[in-house]
Amino acid sequence: MNRINVRALAPAGILLAMLLPAGSGSAQTAEDEFAIALPSARIELREAPSASELLAPTQVVVLGTGTPIPDAFRAGSSIAVIHKGESYLFDAGAGAVRNAVIARYKYDIPSLYPSLICCVFFTHLHSDHTMDFAELAHTLWWRRNAALQAWGPRGIEEIASGLLAMNSVDIELRSSGVQPVQNPEGFRVAARTIAPGVLLEKDDLVIEAFAVDHGDVSPAYGFKITTDDLSIVISGDTTFSEAVAEKARGVDLLFHEVISQQGLARNSPGFQRYHDSAHTTSAELARLANIARPGLLVLYHGLFYGTEEELVLDEIADGYDGEVILADDLDVFPQHRRR
Ligand SMILES: [Zn+2]
Ligand SMILES: [Zn+2]
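Positions 3 to 341 (my numbering) are the ones given, in order, by the sequence shown.
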């Protein structure tokens, strides 16, 4: 086992906390606290989920909280819901698969090992939500039990065909040489174009898509995920949407994108117009949260434009008195289940 310090991978908030005076603890203690043991290059195979995976409560791991803007601390948009030994990803922005590997070991969730991830659902096909689709589909494809299943708006099947073309040389090389290939069909993504409604029902898990308003990007979807112990809504990219407010009424967790008011003001008039039509300002999100009253509002996909990130929480607190947090990559929910 290698001991890898996640400080290099830690979100800005954690980095900041580590730079502050440690109080009763020493610098060494703080370092140890954020060090996790990660095995090096371990192949993981699994016929079926273990008994303990089947009994585990539903968990959500935020794999990426970023946007199209490159960010050293935030991978592209991606949220994983883990239920009864399977991981369901919602979007797969750049870096999401790398974070899935870290989360697999940090939280001991076998189904987050990339070639064991069964399913991905795309809110829309902007590249900050899809750049790791290839990574997810074809990492260790020859050892996949089953090919990746993908659901997304119109265009998803073209992207899946494009991935196949992009990796056709790799597929040919591995399939025609001396390399053992456990699953010769493991690279074939099963892609489905979605419409609003229930997409997947498995035991007590229900995954439903609903239309949101992402400006001229249409269709764009949000998702509602319900299990026997947790209800979750993921907004995807959207401006203020009555549909999100309705679907999120009383849910345990609402993951919502946001653009900071102060950040928006730093944009050119052209980009202000674009963002107004495509994203939700902090004031609009406060209004939405007052309708939905989720157990916890979790901000992700935040557009800050150089303003201090935490200021967005103050902007929301001006109009909403419920519990709100600004997610970092690798946050896990419900928080009391943090291991
Ligand atoms: Zn986006
Ligand atoms: Zn978008």
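Every residue, glycine too, gets a C-beta built ideally from N, C-alpha and C.
{"Item": "Heavy atom of ligand 2 within 6 angstroms of D73 beta-carbon", "Value": "no"}
{"Item": "Among V214, G304, Y115 and A319, the one whose alpha carbon lies nearest that of P72", "Value": "G304"}
{"Item": "Cross-strand partners of V219 (DSSP beta bridge)", "Value": "H216"}
{"Item": "Proximal residues to R194 (C-beta, below 6 angstroms), its chain only, five neighbours per side dropped", "Value": "W153"}
{"Item": "S163 to L138 span [Cα, whole Å]", "Value": "15 angstroms"}
{"Item": "Proximity test, Cβ basis, 7 angstroms: L175 and chain C", "Value": "Going by chain labels, chain C is absent from the structure shown, which holds only one protein chain."}
{"Item": "Secondary structure of Y115, DSSP reduced to three states", "Value": "coil"}
{"Item": "Backbone secondary structure at K226 - three-state DSSP", "Value": "strand"}
{"Item": "Cβ-Cβ separation, A197 to G224 (assumed contact under 8 angstroms), whole Å", "Value": "The Cβ separation is near 14 angstroms, so there is no contact."}
{"Item": "Residue span of the alpha helix (DSSP H) that contains F135, given as start and end", "Value": "F135 to H140"}
{"Item": "Buried/exposed call for A273, threshold 16 Cβ in 10 Å", "Value": "A small fix is needed here, since residue 273 is Phe in this sequence, not Ala. Under this definition F273 is an exposed residue."}
{"Item": "V62 - partner residues in DSSP beta bridges", "Value": "V83 and F335"}
{"Item": "When Q184, A74 and V99 are compared against R146, the one with the closest alpha-carbon", "Value": "Q184"}
{"Item": "From H281, C121, P51 and R106, residue whose alpha carbon lies closest to that of D333", "Value": "R106"}
{"Item": "Closer than 6 angstroms: H277 CB and nearest ligand 1 heavy atom", "Value": "no"}
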